Amino acid sequence: MKILGTLYPAGSSKAVNCSASVFDSKLMLNHEDGKQESYDFVSAVLGEPILGQSQEITFSDGSRFLPEDAKFRWPTKRKRLKLVEKLEQNLFAVVGAIVLSPILIYCIMFKAVPEFAVQTYDLVPDSVVQEMGEQAMFAIEKAVLEPTTLSELEQQAVVQLWDDSLHKLSLSKDHFKLSFYQSDFFGANAFALPHGQIIVTDDLVKSMQEHPLALQAVLLHEIGHVEKQHSIRMAAQAAVGAIAFAMIFGDLEGFAEVLLGTGSTVLQQRFSQDMEKEADEYALQHMKQHGLDPKEFAKALEIIVEQAGIELENDEEGAWSKYLSTHPSIKSRIEYANAF
Ligand SMILES: [Zn+2]
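This is the structure we're talking about:
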């Protein structure tokens, strides 16, 4: 049997019309111009048979031959190739795949990945956590932080609250670090980095000078984020998700990028509501345990909201509802702390 088609010789851009025929383990190619070649058929790689497309064959030197006839299939003993093509011709299998693929991807991304991430974040070595935190800090500092304008005395007052907090929690000073920065971007705010560095802004310190215990509540909340490893959990989830995506869609070359890029997720971190609740709970429990009024925590949230320019009472459309849409839980957090 003669198979008409085109030969694409290895390392060349030209295409040669030829006819092929298979003899035992050899494939004979007769070029248009009369030239003859033989290739080893057994070691050649057959392309996936795709309905409506001709099946190419690649020889060990890299040359490829593409038959003209889209229906032509190379003789093979491999069952898998035949099974794939059979499935592709089966309407139920096709429809099933269309329906099941999104469900499967959903299950992997939203069930398996978080589950797996939870099991892996404990395994992240301290040196990686340190690196992640420092990289994030480096980027944030460059982008949105300026040197503090707080006086030595103002800083000293906060450091005392900080030392007292670590002491109450029986945590080592070696694993935590308090830093002051002026930041128009963050306004009155505080945030925690995975390696235990906690940043408080000048605006936050100033807005709470009359309420030192409220500021201490904020510090406890931020320490809660570090102790519960929230940043690492977020990064692990992002990394595992990206790897799962790469595996599903077959792009594993981005693997290293994925692993190195996890630091950037720290930068854009917005903790989940569950994590915020967990950090609240951490702060409130310890406040109660050490005789600090949990209402100070509610006070702290109120001051932060107030500083962000939003009136809590203003339930109408506008600023408050806009704020609620991004922080839907803050009101319930205030209520929870007041009732604690
Ligand atoms: Zn928080």
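Sequence positions in the sequence shown follow UniProt numbering and run 1 to 340. We put the CB at the ideal spot given by N, CA and C, even for glycine. As the structure is a computational prediction, the values presented were derived from the model and not from experiment.
task: Let me have the residue list for ligand 1: C-beta closer than 7 Å to any non-hydrogen atom, ordered along the chain.
output: HIS221, GLU222, HIS225, PHE271, GLU276 and ALA279
message: Tell me the rounded alpha-carbon separation between ILE57 and ASP33.
response: On the sequence shown, position 57 is the one that residue 57 refers to. On the sequence shown, position 33 is the one that residue 33 refers to. If I take the Cα positions, the gap works out to 22 Å.
- request: List the endpoints of the continuous beta strand (DSSP E) containing GLN156.
  value: In the sequence shown, counting from the first residue as 1, residue 156 sits at position 156. GLN156 -> not in any beta strand (DSSP E); alpha helix (DSSP H) instead, spanning 152–168.
message: I'd like to check one pair, PRO294 with ILE232: are the Cβ atoms closer than 8 Å?
response: Translated into the one-based positions of the sequence shown, residue 232 becomes position 232. Translated into the one-based positions of the sequence shown, residue 294 becomes position 294. No. Outside cutoff.
message: DSSP three-state label for VAL84, please.
response: Taking the first residue of the sequence shown as position 1, residue 84 is located at position 84. Helix at VAL84.
task: Using only alpha-carbon positions, find the residue among GLU281, PHE72, GLU306 and GLU48 that is nearest to GLU88.
output: Here residue 88 is taken as the residue at index 88 of the sequence shown, counted from 1. For GLU88, the nearest C-alpha among the options comes from GLU48.
field: Bridge partner(s) assigned by DSSP for ALA192
entry: Numbered from 1 along the sequence shown, position 192 holds the residue referred to as residue 192. Its beta-bridge partners are ILE198.
field: VAL200 and PHE176 closer than 8 Å at C-beta
entry: Mapped onto the sequence shown, residue 200 falls at position 200. Mapped onto the sequence shown, residue 176 falls at position 176. Taking 8 Å as the cut-off, the Cβ atoms of VAL200 and PHE176 do not count as close.
field: Identified DSSP bridge partners for ALA20
entry: Along the sequence shown, one-based indexing puts residue 20 at 20. Per DSSP, ILE3 and LEU29.
message: Assuming the contact rule is C-beta atoms closer than 8 Å, LEU215 and ALA300 should be a hit. Round their C-beta distance to whole Å, please.
response: Taking the sequence shown and counting its residues from 1, one reaches residue 215 at position 215. Taking the sequence shown and counting its residues from 1, one reaches residue 300 at position 300. So it is a contact: roughly 7 Å between Cβ atoms.
- prompt: Taking just the CA atoms, how far does LEU91 sit from PRO75?
  reply: Position 75 of the sequence shown, counted from the start, is the residue given in the question as residue 75. Position 91 of the sequence shown, counted from the start, is the residue given in the question as residue 91. For PRO75 and LEU91, the gap between their C-alpha atoms comes out near 25 Å.
- request: Kindly indicate which residue of VAL45, PHE23, ARG64 and LYS26 has the alpha-carbon position closest to the one of VAL16.
  value: On the sequence shown, residue 16 is found 16 positions in, with the first residue counted as 1. Of the listed residues, the one whose Cα sits closest to VAL16 is ARG64.
field: Helix, strand or coil at GLU37 according to DSSP, with G and I counted as helix
entry: Reading the sequence shown from its first residue, position 37 is the one you call residue 37. It is a strand residue.
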